[in-house]
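A.B. asks: Once you've had a glance at the structure underneath, I'll fire off some questions.
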Amino acid sequence: MTRLKAILAGIGLAIMLVLTAFGIGGMRGRERAEAEAEKKRTDENAAATKAAAERRVEVTREASNVQQTVNHMPDDDVDRELRANWTRKS
558 MTRLKAILAG IGLAIMLVLT AFGIGGMRGR ERAEAEAEKK RTDENAAATK
608 AAAERRVEVT REASNVQQTV NHMPDDDVDR ELRANWTRKS
C-alpha cells in the first residue's frame, strides 16, 4: 500500500512538473508576443508622426510661396485673382 502511494505520488509530481513547464513556456511566449506588438505599435506611431510632420512642412512651404507671390502682385491683380477663384459659383 505504501509502495502504491509512493508510485502515485511520483506520477502526480511528474504531471505537476510537466504542467508547470507548459505554464512557464506559455507565459514567456505571451511576454514575447506582447513585446513585439508594443514595438510594432511604437514603429507605426513614429511613422505616422513623421508623415504628419512632413505634410505640415509641405503645407507651410506652400503657404509661404503663396504669401510671397501675393506680396509681389499689384493690388488689382490680387483682387482679380480672388474674385475669379474664391467666389461661389451660382
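Here the sequence shown is numbered in our numbering, starting from 558 and rising by one per residue.
Note that beta-carbon positions come from the ideal geometry of N, C-alpha and C, so glycine has one too.
Only a predicted model underlies this, so the values are computations on that prediction, with no experimental measurement involved.
Whole-angstrom Cβ separation of V635 and V623, contact assumed at under 8 Å?
C.D. replies: Walking along the sequence shown from the start, residue 635 turns up at place 78. Walking along the sequence shown from the start, residue 623 turns up at place 66. No, V635 and V623 are not in contact; Cβ-Cβ is about 11 Å, not under 8 Å.
A.B. asks: Check for me: the alpha helix (DSSP H) holding K607 runs from which residue to which?
C.D. replies: If you number the sequence shown from 1, residue 607 lands on position 50. Start and end: T559 to H629.
A.B. asks: Where does the unbroken alpha helix (DSSP H) through R637 begin, and where does it stop?
C.D. replies: Taking the first residue of the sequence shown as position 1, residue 637 is located at position 80. Start and end: D632 to N642.
A.B. asks: To the nearest angstrom, report how far apart G582 and R589 are at their CA atoms.
C.D. replies: The count along the sequence shown starts at 1 and reaches residue 582 at position 25. The count along the sequence shown starts at 1 and reaches residue 589 at position 32. When rounded, the distance between both Cα atoms is 11 Å.
A.B. asks: Where E595 and L576 are concerned, what is the direct C-alpha to C-alpha distance, given to the nearest angstrom?
C.D. replies: Working through the sequence shown from its first residue, we reach residue 595 at position 38. Working through the sequence shown from its first residue, we reach residue 576 at position 19. Cα-Cα distance, rounded: 29 Å.
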